[in-house]
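**Q** One structure, as structure tokens, below. Some questions next.
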Ligand code: IPM
Ligand code: MN
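In the numbering used here, the protein residues as written are 1011 to 1371.
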């Protein structure tokens, strides 16, 4: 198989974790006889510095021409004081919108060997395997108007939460499709006791559920969902929710695994290339120090192999290698307990490659 991958390293630890991901992809190519080629693009702060925009047109083109996109992270203190349209985050939001990447999949699986890394009790997190399906191109992130204005001598500020019915339908349907091949349960998360958009969301969920008789549907208010996630996370299979709720819940859910440094994600459209990225962000405080945990990016590569290229065996090999390095006790700084030895980004990647070469699937 020949695939061309658009690579957007971005800012902070983005370039470090992306290069780890590419080493893994190359090794998969070598073992399984695939050819992966890479085309690099700029996004975020680096793009602002070099091209005065967080998302150059050329980057969008590179992504559109690719078979899949690998992204590191965007943002950092250097660009925090710029106006809204010139912030690194705008690049990320822009690429999601330009490619219509409406379905953001954020799996949360607790590795047996990492259960002591979580701040929660082992009996609570043991066996957790849930998937957050977050709407990614609508809601309050994109609604208009968004502005500050003067009204009656006072500053007034507006953000707008908008959804079309079809935007809700396609993401909820995606949630059901995924649940149908998992444990068959959808928790639709909303705030229907307050928001009109959530009331429509709930209506749509009930409607779509009719097409999936084998899948159980439950509705949950987002505040309750936040609480249930740490009270009893094993109750969840697929959680489907709107953009901002999903943003918040997925950071919370990441702590079930012990570190934000473990969570991969994929963002899918209808037919175009998907975008694969760790959810941890640019971590400017540790950038350039070789401390970043590459495992979320490597797990994102696993998702790319599985969801984008339907390379199940290859994806399994990556997963097995991840399981093995963790169960053998290798840790990056974010995962290590006091007094425990931790590996650098490169050392962890070396270990993983060593294991990968020996994995048989
Ligand atoms: C994420 C991030 C982004 C978001 C930021 C960087 C714009 O937090 O991917 O979760 O809010 O979507
Ligand atoms: Mn987030």
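Each residue gets a CB set at the ideal place from its N, CA and C atoms; glycine is no exception.
1) Assuming residue 1236 and residue 1184 form a contact by the criterion Cβ under 8 angstroms, report the distance between their Cβ atoms to the nearest whole angstrom.
2) Using the C-alpha atoms, what's the distance from residue 1063 back to residue 1126?
3) Taking only three categories from DSSP, how would you classify residue 1025?
4) Inspect the CB distances between the stretch 1301 to 1317 and the stretch 1271 to 1281 and report whether three or more fall short of 8 angstroms.
5) Mapping DSSP to helix, strand and coil, what is residue 1074?
6) Which stretch, first to last residue, makes up the beta strand (DSSP E) that contains residue 1239?
7) In the DSSP output, what is residue 1288 paired with across the bridge?
8) Count Cβ pairs between the stretch 1276 to 1285 and the stretch 1068 to 1084 that sit closer than 8 angstroms; are there 3 or more?
9) Closer than 5 angstroms between the C-beta and any heavy atom of ligand 3: which residues qualify, listed along the chain?
10) With a threshold of 16 other CB atoms inside 10 Å of the CB of residue 1206, please say whether the residue is buried or exposed.
11) Let me check one thing: in DSSP terms, what residues is residue 1140 bridge-paired to?
12) Output the boundary residues of the alpha helix (DSSP H) element that contains residue 1371.
13) Does ligand 2 have even one heavy atom less than 7 angstroms from the beta-carbon of residue 1261?
14) Relative to the C-alpha of residue 1121, which residue among 1250, 1333 and 1363 is closest?
15) Give the straight-line distance between the Cα atoms of residue 1134 and residue 1244, rounded to the nearest whole angstrom.
16) Touching or not, the stretch 1032 to 1050 and the stretch 1250 to 1261, by the rule of three or more beta carbon pairs under 8 angstroms?
17) Using only the alpha-carbon positions, how far apart do residue 1366 and residue 1330 sit?
18) Going straight from the alpha carbon of residue 1171 to that of residue 1153, what length do you get?
19) Quick one: what's residue 1229 bridged to in DSSP?
20) Determine the direct distance from the alpha carbon of residue 1182 to that of residue 1196, and round the result to whole angstroms.
21) Pick from 1110, 1265 and 1241: whose alpha carbon is nearest that of residue 1146?
22) Might you give, ordered along the chain, the residues of its own chain that have their beta carbon closer than 6 angstroms to the beta carbon of residue 1026, omitting 5 neighbours on each side?
**A** So, to answer that:
1) Along the chain shown, read from residue 1 onward, the residue named residue 1236 stands at position 226. Along the chain shown, read from residue 1 onward, the residue named residue 1184 stands at position 174. Their Cβ separation, rounded to whole angstroms, is 22 angstroms, which puts residue 1236 and residue 1184 out of contact at 8 angstroms.
2) Position 116 of the chain shown, counting from 1, holds the residue named residue 1126. Position 53 of the chain shown, counting from 1, holds the residue named residue 1063. Rounded to the nearest angstrom, the two C-alpha atoms are 43 angstroms apart.
3) Reading the chain shown from its first residue, position 15 is the one you call residue 1025. The answer is helix: DSSP assigns residue 1025 an H, G or I state.
4) The stretch 1301 to 1317 vs the stretch 1271 to 1281: in contact.
5) The sequence position of residue 1074 within the chain shown is 64, counting from 1. Annotated three-state conformation of residue 1074 is helix, per DSSP.
6) To locate residue 1239, count along the chain shown from 1; it is residue 229. The continuous stretches of beta strand (DSSP E) do not include residue 1239, which lies in the alpha helix (DSSP H) extending over residues 1232 to 1241.
7) Within the chain shown, residue 1288 is the residue found at index 278, counting from 1. Under DSSP, residue 1288 forms a beta bridge with 1274.
8) Judged by Cβ distances under 8 angstroms, the stretch 1276 to 1285 makes contact with the stretch 1068 to 1084, as three or more pairs qualify.
9) This structure lacks ligand 3; the ligands present are ligand 1 and ligand 2.
10) Here residue 1206 is taken as the residue at index 196 of the chain shown, counted from 1. Exposed: under 16 other Cβ atoms inside 10 Å.
11) On the chain shown, position 130 is the one that residue 1140 refers to. In the DSSP secondary-structure assignment, residue 1140 is bridged to 1118.
12) To locate residue 1371, count along the chain shown from 1; it is residue 361. From DSSP, residue 1371 is part of no alpha helix (DSSP H); its letter is neither H nor E.
13) Mapped onto the chain shown, residue 1261 falls at position 251. At least one heavy atom of ligand 2 sits closer than 7 angstroms to the Cβ of residue 1261.
14) On the chain shown, position 111 is the one that residue 1121 refers to. Nearest C-alpha to residue 1121: 1333.
15) Walking along the chain shown from the start, residue 1134 turns up at place 124. Walking along the chain shown from the start, residue 1244 turns up at place 234. Distance between the alpha carbons of residue 1134 and residue 1244: 8 angstroms.
16) Fewer than three beta-carbon pairs drawn from the stretch 1032 to 1050 and the stretch 1250 to 1261 are found closer than 8 angstroms, and the two stretches are therefore not classed as touching.
17) Numbered from 1 along the chain shown, position 356 holds the residue referred to as residue 1366. Numbered from 1 along the chain shown, position 320 holds the residue referred to as residue 1330. Near 8 angstroms, if we compare the C-alpha coordinates of residue 1330 and residue 1366.
18) The count along the chain shown starts at 1 and reaches residue 1171 at position 161. The count along the chain shown starts at 1 and reaches residue 1153 at position 143. Straight-line spacing of the CA atoms in residue 1171 and residue 1153 works out to 5 angstroms.
19) Counting from one through the chain shown, the residue named residue 1229 turns up at place 219. Paired residues: 1198.
20) As a working mapping, residue 1196 is identified with position 186 in the chain shown. As a working mapping, residue 1182 is identified with position 172 in the chain shown. Going from the Cα of residue 1196 to the Cα of residue 1182 covers about 9 angstroms.
21) Numbered from its first residue, the chain shown carries residue 1146 at position 136. Ranked by Cα distance from residue 1146, the options 1110, 1265 and 1241 are led by 1110.
22) Within the chain shown, residue 1026 is the residue found at index 16, counting from 1. Correct list, in chain order: 1302 and 1355.
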